[in-house]
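Counting from 576, one number per residue, gives the positions in the sequence shown under this note's numbering.
Reviewing the structure listed below.
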Amino acid sequence: MTQSADKLWWKKASIYQIYPKSFCDSGAKGTGDIQGIISKLDYLKHLGIDAIWLTPIYESPMIDNGYDISDYYAINPDFGTMADFDQLLAEAHEHGIRIIMDIVVNHTSTEHKWFQSALGDKNSPYRDYYIWKDPINGEAPNNWESKFGGNAWELDEATGQYYLHLFAKEQADLNWENPKVREEVKDVISFWAEKGIDGFRLDVINLISKQQDFPNDDIGDGRRFYTDGPKVHQYLQEISEAVFQKYGSVTVGEMSSTTLEHCQQYSSLDNKELSMVFNFHHLKVDYPNGEKWTKAPFNFSQLKEIFNHWQTGLNGKGWGALFWCNHDQPRIVSRLGNDSEYRVESAKMLGAVVHMMQGTPYIYQGEEIGMTNPGYTSIEQYRDVESTNMYDIMVNRDKVVTHDEMIAILAQKSRDNSRTPMQWNASEFAGFSKAQPWLEVASNYPALNAEAAVDDKNSVFYFYKQLIQLRKDVDVITTGDYQDLYPEHSAIFGYKRQSENQTLICLNNFYADQAECTLPVGTELSKAKVLLSNYEDQELAVTKQQVLRPYETRILLIES
Ligand code: GLC
576 MTQSADKLWW
586 KKASIYQIYP
596 KSFCDSGAKG
606 TGDIQGIISK
616 LDYLKHLGID
626 AIWLTPIYES
636 PMIDNGYDIS
646 DYYAINPDFG
656 TMADFDQLLA
666 EAHEHGIRII
676 MDIVVNHTST
686 EHKWFQSALG
696 DKNSPYRDYY
706 IWKDPINGEA
716 PNNWESKFGG
726 NAWELDEATG
736 QYYLHLFAKE
746 QADLNWENPK
756 VREEVKDVIS
766 FWAEKGIDGF
776 RLDVINLISK
786 QQDFPNDDIG
796 DGRRFYTDGP
806 KVHQYLQEIS
816 EAVFQKYGSV
826 TVGEMSSTTL
836 EHCQQYSSLD
846 NKELSMVFNF
856 HHLKVDYPNG
866 EKWTKAPFNF
876 SQLKEIFNHW
886 QTGLNGKGWG
896 ALFWCNHDQP
906 RIVSRLGNDS
916 EYRVESAKML
926 GAVVHMMQGT
936 PYIYQGEEIG
946 MTNPGYTSIE
956 QYRDVESTNM
966 YDIMVNRDKV
976 VTHDEMIAIL
986 AQKSRDNSRT
996 PMQWNASEFA
1006 GFSKAQPWLE
1016 VASNYPALNA
1026 EAAVDDKNSV
1036 FYFYKQLIQL
1046 RKDVDVITTG
1056 DYQDLYPEHS
1066 AIFGYKRQSE
1076 NQTLICLNNF
1086 YADQAECTLP
1096 VGTELSKAKV
1106 LLSNYEDQEL
1116 AVTKQQVLRP
1126 YETRILLIES
């Protein structure tokens, strides 16, 4: 692809996330692969996306589906070969689609050769690549908790020391204080940049710098001692200067439990650290008191507040990724929408809500056809390490919930809700594979699949296609400021985007009953036109009083 001179191409772009294991199996293995992705490039081109974010395809024991990398320079044979990868890159570029790779450098797999050398040997040249501590009173060095449950330290019996793992015990945290680790990271990223990769998504990148006294946390799980840690900005600037700026890579950092102030700096428009950031605050509106592992409705007013905070806070100061779904989040249409009676309407409405904001939208595979949670009813159907760990801890170890309660919680919160195989067509296994898939396909695939969506002009697919195109055609979506119009409204999420000569008003009914609102004073009704809506019989004339049907979205544009 001839790379456009416009270094800021990503501001008007939409990015499509592929979780390769669940995307498309070119053979009969039951797991997706790189050739499967290549076979779907025409489909992605038809959707109109600009780039693919590919979740990890490196060599890995797959304890955390590739987020546990054992060799940064090799392709996992389950996905194919380096030749397959080179072919994907070349063919994607021929289709005008860029490729963004996922880089996981907060930790490596414990099967990585560095860790294998470090384990059990205090004199290994790689010992200091990881974080080792002596026990305190015969126990773990502190009470930090792993994000996947349990203590964050694991004992290395041969040396009597513990290593830190903020995620699974098979994912050992790298010691970024060691300059050699930072050099290795630069080498890894340069290797892929040299191949012509267009950008990088940096996994949990705001956790790389830990407070070096590793204190006990009396009031929490330890995250305040390593989240947006003391040297994180310094490290990012170092990597950015050495690699990202040199290759002109677009970068998006995954920021766990972060703050607006830090994100303004990570993504500050001088490009010293990253191009943009993912934050997850808007996806915690169904975590009452911060607790994920409970079945709960979502808090609608909090959702609006959070978007307002981030949209106004990043405007002119930084750049955010816009998203509802990824491989760690349940399907949005099942979560905030209505996946039974109003699946199509609510999937479109939710798409409009984030795509009309400032930032770069990320569409997770299957979101563009309105895929739903699968509604698993048995623990045997789950594969995700976090879900199975939490089941063991909450049901068996701590006995805080019953089996049935945990099944209901997982059906709402498990990461496997979004990892079910992509539903391509109505044939067996949804056309994902010729063999039984590694994770069960959702049973609604005979009617809900990509082939049916592409054949139906009113499908969620074509609505997303329009959203993607609107970002390119209507400048105010990229440049306008943001105002929450009805923060107190119990059903409508409405906001206004304003630039010098364009006003965009995005009205969204989040519920199954009709809802009303009044357009803001000063709206020039005679100039207002309906840019997009999810109901076919949309009135063309815009009136001051707006009545929205169930899950209706209406996007108005006023040009002066
Ligand atoms: C990120 C990934 C998630 C993974 C974790 C540890 O949050 O998105 O899938 O489990 O990091 O690498």
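The beta-carbon is built from N, C-alpha and C at its ideal position, and this holds for glycine as well.
If you're wondering where the values come from, they're calculated on a predicted model, not measured in any experiment.
Can you find a C-beta in chain B that's less than 7 Å from the C-beta of residue i?
i, result
"PHE875", "In the structure shown, chain B cannot be found, because there is only a single protein chain."
Thinking C-beta only, is residue j closer than 7 Å to residue i?
i, j, result
"LYS744", "LYS1047", "no"
"GLN1073", "ASP1056", "yes"
"HIS682", "LEU749", "yes"
"ASN717", "ASN791", "yes"
"PRO631", "ASP677", "yes"
"PHE723", "GLU961", "yes"
"GLN812", "GLU848", "yes"
"SER921", "TYR1086", "no"
"ASP778", "VAL679", "yes"
"GLU666", "LEU616", "yes"
"ARG994", "LEU1014", "yes"
"LEU663", "ILE612", "yes"
"THR935", "TRP584", "no"
"HIS687", "LYS620", "no"
"VAL1096", "GLN1077", "no"
"GLY888", "LEU835", "yes"
"GLN736", "TRP707", "yes"
"TYR966", "ILE954", "yes"
"SER1008", "GLY605", "yes"
"TRP999", "ALA1027", "no"
Between the Cα of residue i and the Cα atoms of the options, which residue gives the shortest distance?
i, options, result
"ASP661", "GLU769, ASP617, GLY623, TRP584", "GLU769"
"GLN523", "HIS682, TYR862, ALA733", "Past the boundaries of the shown model lies residue 523; the chain is included only from 576 to 1135, so the question cannot be answered."
"LEU629", "SER645, PHE654, SER962", "PHE654"
"TYR1039", "ALA1001, LEU925, VAL825", "LEU925"
"TYR1037", "ILE678, VAL919, ALA665", "VAL919"
"ASN883", "MET932, SER784, GLY893", "MET932"
"LYS596", "GLU752, ILE968, TYR1070, MET997", "MET997"
"TYR1070", "CYS900, GLU880, ASP788", "GLU880"
"TYR822", "ILE764, LEU1014, THR802, GLN1041", "ILE764"
"PHE775", "THR685, ASP709, SER824, THR963", "SER824"
"TYR704", "VAL760, LEU1132, ASP659", "VAL760"
"THR1098", "ASP1088, GLU1134, TRP689", "GLU1134"
"THR952", "LYS974, SER1018, GLY888, GLY641", "SER1018"
"THR963", "SER989, GLY865, GLN940", "SER989"
"THR1054", "GLY893, TYR1061, PHE855, VAL827", "GLY893"
"PHE789", "GLY771, ILE711, HIS857", "ILE711"
"GLN839", "GLN746, ASN864, ALA896, ILE794", "ALA896"
"ALA927", "GLN691, LEU583, GLU816, SER589", "SER589"
"ASP773", "ARG702, THR734, HIS668, HIS857", "HIS668"
"ASP1112", "GLN1077, GLY605, ASN1033", "ASN1033"
"PHE898", "HIS857, ASP639, SER1108, TYR1110", "HIS857"
"GLU758", "ILE814, ASP793, PHE742, ASP709", "ILE814"
"ASP973", "GLY725, PHE800, ALA658", "GLY725"
"THR833", "SER842, GLN786, ASP845, PHE855", "PHE855"
"GLY891", "SER842, ILE938, PRO905", "SER842"
"ILE783", "TYR1020, ASP793, ASN753", "ASN753"
"MET599", "HIS1064, ALA1005, TYR1020, GLU1114", "Per the sequence shown, residue 599 should be read as Cys rather than Met. Comparing Cα-Cα distances from CYS599 to each of HIS1064, ALA1005, TYR1020, GLU1114, the minimum goes to ALA1005."
Which whole-angstrom value describes the C-beta separation of residue i and residue j, a residue pair presumed to lie in contact below a C-beta threshold of 8 Å?
i, j, result
"ILE624", "ILE674", "In fact, because the Cβ distance is near 12 Å, the residues do not count as touching under 8 Å."
"TYR957", "ASP991", "5 Å"
"LEU1082", "THR1128", "7 Å"
"SER909", "THR947", "5 Å"
"THR869", "SER831", "So it is not a contact: roughly 20 Å between Cβ atoms."
"ALA727", "GLY797", "7 Å"
"HIS740", "GLU732", "Actually they are not in contact, since the Cβ atoms of HIS740 and GLU732 sit about 16 Å apart, beyond 8 Å."
"ASP643", "SER684", "4 Å"
"TYR647", "TYR633", "6 Å"
"TYR810", "TRP751", "6 Å"
"GLN940", "ILE593", "6 Å"
"LEU1079", "VAL1105", "Actually they are not in contact, since the Cβ atoms of LEU1079 and VAL1105 sit about 12 Å apart, beyond 8 Å."
"SER850", "VAL818", "Not a contact, Cβ separation roughly 13 Å."
"VAL1016", "GLY945", "Actually they are not in contact, since the Cβ atoms of VAL1016 and GLY945 sit about 16 Å apart, beyond 8 Å."
"TRP689", "TYR701", "4 Å"
"LEU1094", "GLN1058", "The Cβ separation is near 13 Å, so there is no contact."
"ASN1084", "ALA1066", "6 Å"
Can you check the region 668-736 for any alpha helix (DSSP H) of at least 4 residues that lies completely inside it and give the ranges in chain order?
-> 688-693
Whole runs of the beta strand (DSSP E) within the region 827-853, excluding any shorter than 3 residues | 851-853
Completely contained alpha helix (DSSP H) runs for the region 1076-1135, where each covers 4 or more residues | none
Every unbroken beta strand (DSSP E) inside the region 735-819 [3 residues or more] | 736-739, 746-748, 774-777
Complete alpha helix (DSSP H) runs within the region 586-619 (minimum length 4 residues, chain order) | 609-613
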